[in-house]
Amino acid sequence: MQTPVMLSLLLVSMGLMEALQAQSHRITRRDLFSKETPLDMAPASFDDQYVGCAAAMMAALPDLNYTEFQANKVYADGWALASSQWRERQAWGPEWGLSPTRLPPPPPGFRDEHGVALLAYTANSPLHKEFNAAVREAGRTRAHYLHHFSFKTLHFLLTEALQLLSRRQRSPRCHQVFRGVHGLRFQPAGPGATVRLGGFASASLQNVAAQQFGEDTFFGIWTCLGAPIKGYSFFPGEEEVLIPPFETFQVINASRPAQGPARIYLRALGKRSTYNCEYIKGEQDTRLGPHAEGGLPRPVFRGYRQKY
């Protein structure tokens, strides 16, 4: 006999599978990749959650952001575009034509910088692609992050924005979302495997909207750390949910037919981070001199107590 928990999981997985059977539509704007890759725990991903150092990071942003502007033209241009759009939306007021309903007020602690970061990420520009490619590699070593990752500001602001937006929801609030990818067929280990998406992953509450972004791999995802960002997106009609790189998932089912899209169904498990507060630690190491402690921090695991 199936237990209520097992039945619940079965219903969720069936709902995801049925919702992803619709005909896909070709459109390529985001999530462009050029090669196949395994779907695993993305061990090289930079996955900092900034636990206990958010205030210190925010205080460091003005100098850090200026430095990154000088080193990264794609980031500087993307931020300028998003800043202009953010100012326009503020001038228009709370109802700026995105929806017939009033947008909810931002959560406590949400600053202009968070809104600009979300707009910059969702813009139709090269920024999101270069940023996520860098995120997927920045965690190779602590030194690589500190000296070669020129998106530290954007990574922090997106991470904190999602944390703030998630806290505003009923705790915990999980979402069934869909994600289409163009140009890549993922290779998961198989049902039961634990995986991460490796970067900030755009998904949609609407199956049709997700299909528009690619027809090589379709994901059905049950996420509990992803947050809806419709009110902070360049394209609010997409009903976007942004998933952070440190959320872990269990593979419910996966298929890779000889022809047609790969289909992968994921259920939220918890979160896992190898890094925490690495920029602040790096600043402290600089002040302490060459004898400061280094090395790779121990991974941090968190799981959900509730059942799905």
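For the sequence shown, the residue numbers in mature numbering (1 follows the signal peptide of the UniProt record, and there is no 0) are -22 to -1, 1 to 286.
Ideal placement from N, C-alpha and C gives every residue a C-beta, glycine not left out.
### Query
By Cβ distance below 7 Å, which residues in the same chain neighbour H122 in space, the five residues on each side in sequence not counted?
Here residue 122 refers to the residue found at position 144 of the sequence shown. Correct list, in chain order: A116.
### Buried/exposed call for E66, threshold 16 Cβ in 10 Å
Here residue 66 refers to the residue found at position 88 of the sequence shown. So E66 counts as exposed.
### Task
Spatial neighbours of F213 within its chain, please: CB distance less than 6 Å, with the 5 preceding and 5 following residues excluded, ordered by chain position.
Within the sequence shown, residue 213 is the residue found at index 235, counting from 1. Same-chain partners within the cutoff: there are none.
### Message
Just to check my reading of the structure: R157 and S180 have Cβ atoms closer than 8 Å, yes? What is that Cβ distance to the nearest angstrom?
### Response
By one-based count along the sequence shown, residue 157 stands at place 179. By one-based count along the sequence shown, residue 180 stands at place 202. With a Cβ gap of about 7 Å, R157 and S180 count as contacting.
### Query
Cβ of N231 within 8 Å of Cβ of Y243?
The sequence position of residue 231 within the sequence shown is 253, counting from 1. The sequence position of residue 243 within the sequence shown is 265, counting from 1. Yes.
### Task
Just tell me which of R241, L175, F196 has its CA closest to the CA of S251.
If you number the sequence shown from 1, residue 251 lands on position 273. Nearest in C-alpha terms to S251, of all of R241, L175, F196, is L175.
### Query
Can you tell me where the beta strand (DSSP E) with G56 in it begins and where it stops?
The residue labelled residue 56 in the question sits at position 78 within the sequence shown. Where G56 is concerned, there is no enclosing beta strand (DSSP E), although the alpha helix (DSSP H) it sits in stretches over 51 to 70.
### Query
For the putative contact between L220 and A205, defined by C-beta atoms under 8 Å, what is the C-beta separation to the nearest angstrom?
Residue mapping note: residue 220 aligns to position 242 of the sequence shown, counting from 1. Residue mapping note: residue 205 aligns to position 227 of the sequence shown, counting from 1. Right, the Cβ-Cβ distance comes to about 6 Å (below 8 Å), so this counts as a contact.
### Query
For G93, which of D194, W70, L136, R245 has the nearest alpha-carbon?
Numbered from its first residue, the sequence shown carries residue 93 at position 115. Per the Cα distances, L136.
### Message
Do L105 and G56 count as a contact pair if the criterion is CB distance below 8 Å?
### Response
To locate residue 56, count along the sequence shown from 1; it is residue 78. To locate residue 105, count along the sequence shown from 1; it is residue 127. Cβ distance < 8 Å, so G56 and L105 count as in contact.
### Task
Identify whether T252 lies in helix, strand or coil by the three-state DSSP scheme.
Taking the sequence shown and counting its residues from 1, the one referred to as residue 252 is at position 274. Coil at T252, not helix or strand.
### Task
Would you list the one or two residues that DSSP bridges to residue 289?
The chain is shown from -22 up to 286; residue 289 falls before or after that span and cannot be answered.
### Query
From P169 to Q63, what does the alpha carbon distance come to, in whole angstroms?
For the purposes of this step, residue 169 is taken as the residue at position 191 of the sequence shown. For the purposes of this step, residue 63 is taken as the residue at position 85 of the sequence shown. Those two C-alpha atoms are separated by around 43 Å.
### Query
Under the three-state reduction of DSSP, which class applies to N110: helix, strand or coil?
Here residue 110 refers to the residue found at position 132 when the sequence shown is read from its first residue. DSSP, read as helix, strand or coil, puts N110 in helix.
#### Entry: Residue(s) in a DSSP beta bridge with S182
Here residue 182 corresponds to residue number 204 of the sequence shown, with the count starting at 1. F156, E218.
### Message
Using only CA atoms, which one of Q27, P21, R234 lies nearest to F196?
### Response
Translated into positions along the sequence shown, residue 196 becomes position 218. Checked all of Q27, P21, R234; the closest Cα to F196 is R234.
### Task
In angstroms with no decimal places, state the Cα-to-Cα distance between A54 and A240.
As a working mapping, residue 54 is identified with position 76 in the sequence shown. As a working mapping, residue 240 is identified with position 262 in the sequence shown. Straight-line measurement puts the Cα of A240 at about 36 Å from the Cα of A54.
### Query
What whole-angstrom Cβ distance do E46 and T131 have, given they're in contact under 8 Å?
Counting from 1 along the sequence shown, the entry for residue 46 is found at position 68. Counting from 1 along the sequence shown, the entry for residue 131 is found at position 153. Indeed they touch by this definition, with Cβ atoms about 6 Å apart.
### Message
Rounded to whole angstroms, what is the Cα-Cα separation between Q237 and R89?
### Response
Within the sequence shown, residue 237 is the residue found at index 259, counting from 1. Within the sequence shown, residue 89 is the residue found at index 111, counting from 1. About 46 Å.
### Message
Quick check on the DSSP output: the beta strand (DSSP E) that includes G198 runs from which residue to which?
### Response
Looking up residue 198 in the sequence shown gives position 220. Here the beta strand (DSSP E) through G198 covers 195 to 201.
### Task
Pull up the distance between the alpha-carbon of W200 and that of D41, whole angstroms please.
In the sequence shown, the residue the question calls residue 200 occupies position 222. In the sequence shown, the residue the question calls residue 41 occupies position 63. Near 38 Å, if we compare the C-alpha coordinates of D41 and W200.
### Task
Quick one: using the 10 Å Cβ neighbour count with 16 as the cut-off for buried, is T15 buried or exposed?
Against the sequence shown, residue 15 aligns to sequence position 37. The residue in question, T15, is exposed, as its Cβ has fewer than 16 Cβ neighbours within 10 Å.
### Query
Quick one: Cα of P83 to Cα of V159, how far?
Position 105 of the sequence shown, counted from the start, is the residue given in the question as residue 83. Position 181 of the sequence shown, counted from the start, is the residue given in the question as residue 159. Distance between the alpha carbons of P83 and V159 is about 32 Å.
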